[in-house]
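A.B. asks:
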Amino acid sequence: MININASIVKKLRDRTGIGIMECKTALIESKGNIDIAIYNLRKNAKVKYEKKVSRIASEGVIFIKTYDNIAVMLEINSETDFVARSDDFISFTNYVANHVLEKRCNDINVLMQGKLEYKRNNLIQKLGENINVRRLIIRQSKEKQTLGVYLHNNARIGAIVLLNGVNKDVARDISMHVVAMNPMVTFPEEFSKEKIYYEKSIIRAQTSFSYKSIDLSEKIVQARIKKYISENSLVNQVFIKKPDIKVADYAKMVGCDIVNFVRFELGEKHGV
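If you count the sequence shown from 1, position 241 lands on 241 in my numbering, and the numbers rise without skipping.
(1) Alpha carbons only, please: which of E218, S233, I203 is nearest the one belonging to S192?
(2) Looking only at C-alpha atoms, which of S91, N40, S7, K168 sits nearest to V61?
(3) Suppose the cutoff is 8 angstroms on Cβ atoms and the five residues either side in sequence are ignored; what does the same chain contact list for F261 look like?
(4) Hey, how far is the Cα of T123 from the Cα of R172?
(5) Quick one: grab the DSSP three-state call for R85.
(6) Which same chain residues end up closer than 7 angstroms to I288 when comparing Cβ atoms and leaving out the 5 residues on each side of it in sequence?
(7) Should L216 be labelled buried (16 or more other beta-carbon atoms within 10 Å of its own) or exposed?
(8) I'd like the ranges of any alpha helix (DSSP H) spanning at least 4 consecutive residues and lying wholly in the stretch 188 to 235.
(9) Can you give me the C-alpha to C-alpha distance between Y49 and A37, rounded to a whole angstrom?
(10) Are three or more beta carbon pairs between the stretch 57 to 77 and the stretch 95 to 103 nearer than 8 angstroms?
(11) Measuring only the C-alpha atoms, how far is V110 from V133?
(12) Ends of the alpha helix (DSSP H) at V247?
(13) Use the C-beta contact count for K51: other C-beta atoms within 10 angstroms, 16 or more gives buried, fewer gives exposed.
(14) Assign V170 to buried or exposed, taking buried as 16 or more other Cβ atoms, counted over all protein chains shown, within 10 Å of its Cβ.
(15) What residues match up with L146 in a beta bridge as DSSP calls it?
(16) If you reduce the DSSP assignment to three classes, tell me which class R156 lands in.
(17) Are I34 and I4 touching if we call contact CB-CB under 8 angstroms?
(18) Go to N109, then tell me how far its alpha helix (DSSP H) extends in each direction, as first and last residue.
(19) For Y250 and F239, which I take to be in contact (beta-carbon distance under 8 angstroms), what is that distance rounded to the nearest angstrom?
(20) Less than 7 angstroms between the CB of N167 and some heavy atom of the ligand ATP, yes or no?
(21) In the DSSP assignment, find the unbroken alpha helix (DSSP H) run with K10 in it and report its ends.
(22) Cutting at 6 angstroms between CB atoms, please list the residues of its own chain near H152, excluding the five before and the five after it.
(23) Who are the near neighbours of K144 in its chain, counting only those whose CB is closer than 8 angstroms to its CB and skipping five residues on each side?
(24) If we ignore side chains and look at the alpha-carbon of each, how far apart do D257 and K126 end up?
(25) For Y150, does the count of other Cβ atoms within 10 angstroms reach 16, so buried, or fall short, so exposed?
(26) Alpha carbons only, please: which of N154, I108, Y228, K11 is nearest the one belonging to E189?
(27) Given this structure, state the Cα-to-Cα distance separating K246 from S213, to the nearest angstrom.
(28) Tell me, which residues are paired with N94 by DSSP?
(29) Where do the ends of the beta strand (DSSP E) carrying D169 lie?
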C-alpha cells in the first residue's frame, strides 16, 4: 500500500474542506495524486449530497445587506447553530446577498442556478450539513423615500421598513420596533377576511360562556377584534421608544409616512 503522509492529507483537506479520513482514503485510491483524488471526490459527491439535502435545515441566520437605495434580506438555513456561525457559512451568506444585489433577482428558483448552486453544493460537502436558501426579499426606495433596516444581534430576526420622506434615524427606529413588537401588517385593512373570521370565531368561543345575552356577546366580539387588529397593525402600535404615541404619529412628527415593512424571523411560517 502506498504511504500517505500527514502533509499531503493536509493539502487535500485544505483544498476540499472534507474530513481527514475521507482525504486519506481518496489519496490511497488515487495513489497519492491530489488532482485525481479531488476528481474522484467530486465525482462521488452527488450521492452524499443527495443524502444531506434530504435532511431538515432548521437553524441558520437572517442576513441584511444594503447598497445605495436597495436593501436585501435573506433567510439561509443550516442544520445546526454551530455551522451557522462558521466563517464558511457566513461567507456564503454574504456571497448570496451580493449576488442578489447584482442580479436584482428575488426568485430563489432562478437565483439558485449556475455558480451559486455550485457554491452551495460545495459548502454542503465541506460542512457536512444541508444548506438551504429559504427566502429573500428586495426593497428599493425611490426619490424622497427612506429604507430603514435592523438586524437583531443574534441574527435570528430582521426587518426592513420603507418610508415616504427622508429620515434615516426614524426609518431605523421603526425597523427596530418591527423586530421587537412583531406587527402582522402595516395597515388594519391588510388583514384578510379569513384571518378576521378565524380570530372572531376564537373570541366568540371565549365569550359564549361568559355572557348570556347574544347581543352583549357580539358587542364584546366586535370590541376585541377591533383591539386585536389595532394592536397588530404597525401604524397603530404604541411606539416602543415613545410609549405615549403611535408609530405612525412618530413618523409624521418628522414629515414621514410608513409605506410598508417586511420582517423575517428564523424558521417562522409566514402569511396573514
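Even glycine gets a Cβ: it sits at the ideal position worked out from N, Cα and C.
Model, not experiment: these values are computed from the prediction.
C.D. replies: A quick look at the data gives this:
(1) Of the candidates E218, S233, I203, the one whose C-alpha sits nearest the C-alpha of S192 is S233.
(2) Just measuring C-alpha positions, the residue of S91, N40, S7, K168 sitting nearest V61 is S91.
(3) For F261, where only same-chain residues beyond five positions count, the Cβ hits under 8 angstroms are A159, I160, V161, L162, I174, S175, V178, P183, T186, L234.
(4) Before going on, a small fix: residue 123 reads as Leu here, not Thr. Each residue's CA atom was taken as its position, placing L123 and R172 some 33 angstroms apart.
(5) Residue state, collapsed to three classes: coil.
(6) This structure gives no information on residue 288, because the portion of the chain shown stretches from 1 to 272.
(7) Classification of L216: exposed, given that the 10 Å Cβ count is below 16.
(8) Under the rule that a run must span 4 or more residues, the alpha helix (DSSP H) segments found entirely inside the stretch 188 to 235 read 193 to 207, 214 to 231.
(9) Confidence at Y49 is low in this model, with a pLDDT of 42, below 50, so the placement of that residue should be treated as unreliable; the coordinate-derived value is given next. Taking the straight line joining both Cα atoms gives about 17 angstroms.
(10) Segments in contact, yes.
(11) Between the alpha carbons of V110 and V133 lies a gap of roughly 12 angstroms.
(12) 247 to 252 is the span of the alpha helix (DSSP H), which, as asked, contains V247.
(13) Interpretation of K51 is limited by its pLDDT of 46, a score under 50 that renders its predicted location unreliable; the figure taken from the coordinates is listed afterwards. With fewer than 16 other Cβ atoms within 10 Å, it is exposed.
(14) By the Cβ neighbour-count rule, V170 is buried, with 16 or more other Cβ atoms within 10 Å of its own.
(15) Correcting the residue identity first, residue 146 is Thr in this sequence and not Leu. Note: T146 sits in a beta bridge opposite L163.
(16) Assignment of R156 by DSSP, reduced to helix, strand and coil, places it in the coil class.
(17) For I34 and I4, no; Cβs fall outside 8 angstroms.
(18) It spans 108 to 111 - the alpha helix (DSSP H) in which N109 sits, taken as one unbroken run.
(19) Going by Cβ atoms, the distance from Y250 to F239 rounds to 5 angstroms, so yes, they are a contact pair.
(20) For the structure depicted, the ligand ATP is absent and the ligand set is empty, with no information on it obtainable.
(21) Residues 6 to 16.
(22) Result list for H152: V179, in chain order.
(23) Around K144, the same chain offers N164, G165, V166 as residues with beta carbons nearer than 8 angstroms, after the five sequence neighbours per side are excluded.
(24) Using only the alpha carbons, I get a separation of about 47 angstroms.
(25) Here Y150 is buried. Its C-beta has 16 or more other C-beta atoms within 10 Å.
(26) Answer by Cα proximity: Y228.
(27) Spanning the alpha carbons of K246 and S213 requires a straight line of approximately 35 angstroms.
(28) DSSP output for N94 lists no bridge partner at all.
(29) Residue range 168 to 181 is occupied by the alpha helix (DSSP H) that includes D169, with no beta strand (DSSP E) assigned at that position.
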